[in-house]
Amino acid sequence: MKRKSLGLLSCVCVGLGACSDEPSEAAMHRAVATAVNKFYQVQTAAAAFLLPRGGQIPPAPIVSSVRKIDCVPDNGGGHRCNFEVGINGKPSGKMSGRFFKQADGTLAMTD
Numbered sequence: 005m006k007r008k009s010l011g012l013l014s015c016v017c018v019g020l021g022a023c024s025d026e027p028s029e030a031a032m033h034r035a036v037a038t039a040v041n042k043f044y045q046v047q048t049a050a051a052a053f054l055l056p057r058g059g060q061i062p063p064a065p066i067v068s069s070v071r072k073i074d075c076v077p078d079n080g081g082g083h084r085c086n087f088e089v090g091i092n093g094k095p096s097g098k099m100s101g102r103f104f105k106q107a108d109g110t111l112a113m114t115d
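In the working numbering, each residue carries its 1-based index in the sequence shown increased by 4.
What follows is the structure, given as structure tokens:
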């Protein structure tokens, strides 16, 4: 009987976790990488305009890791999540952002 209860409990927990709309760590990683890339593109365009001819633009940062700490539903839709991010293999500390699904179903991040 104890095994059946434990099995049922684990099935319920997995089912509830799958039903929650909280973003996965992998989806958050893709969303953070996309946001960092867009920010870099804007900064690169400004730098290209301001730098003297032949000036060096630094290489694009690479989001090497994202570790979800916690998420709570956000009043504006989506979830407000705390996470740690690694850029170019180095930890850059804890961050917070709002994650939401776009019309095409992909996850996006904003402040």
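We put the CB at the ideal spot given by N, CA and C, even for glycine.
Which ranges does the beta strand (DSSP E) cover as unbroken runs of at least 3 residues, wholly within the stretch 86 to 113, from first to last along the chain?
-> Runs of the beta strand (DSSP E) lying entirely within the stretch 86 to 113 and spanning at least 3 residues, in chain order: 94 to 105.
Give the straight-line distance between the Cα atoms of Thr-110 and Leu-55, rounded to the nearest whole angstrom.
-> Approximately 35 Å, taken between the alpha carbons.
Counting Cβ pairs, one atom from each stretch, are 3 or more of them under 8 Å apart for the stretch 45 to 55 and the stretch 88 to 102?
-> Contact between the stretch 45 to 55 and the stretch 88 to 102 is absent, because fewer than three Cβ pairs lie under 8 Å.
Can you name, in chain order, every residue of its own chain whose Cβ lies under 8 Å from the Cβ of Leu-12, other than the five neighbours on each side?
-> Confidence at Leu-12 is low in this model, with a pLDDT of 41, below 50, so the placement of that residue is unreliable and no value is reported for it.
6 Å CB neighbourhood of Ala-51 in its chain, flanking five on each side removed = Hits under 6 Å: Ile-61.
So the alpha helix (DSSP H) Arg-34 belongs to, where does it begin and stop?
-> Run containing Arg-34: 29 to 54, per the alpha helix (DSSP H) assignment.
Neighbourhood of Val-67 by C-beta distance below 8 Å, restricted to the same chain and skipping five residues each side = If you ignore the 5 residues before and after Val-67, its C-beta comes within less than 8 Å of the C-beta of His-33, Val-36, Ala-37, Val-40, Val-89, Gly-90 and Ile-91, all in its own chain and listed in chain order.
According to DSSP, is Arg-71 helix, strand or coil?
-> For Arg-71, the secondary structure class from DSSP, reduced to helix, strand or coil, is strand.
Which residue or residues does DSSP assign as beta-bridge partners of Asn-84?
-> As written in the sequence, residue 84 is Arg, which differs from the Asn given in the question. In the DSSP output, where bridge partners are listed per residue, Arg-84 has Val-76 and Arg-102.
Is it buried or exposed for Val-70, if we count other Cβ within 10 angstroms and need 16 for buried?
-> The C-beta of Val-70 has 16 or more other C-beta atoms within 10 Å across all chains shown, which makes the residue buried.
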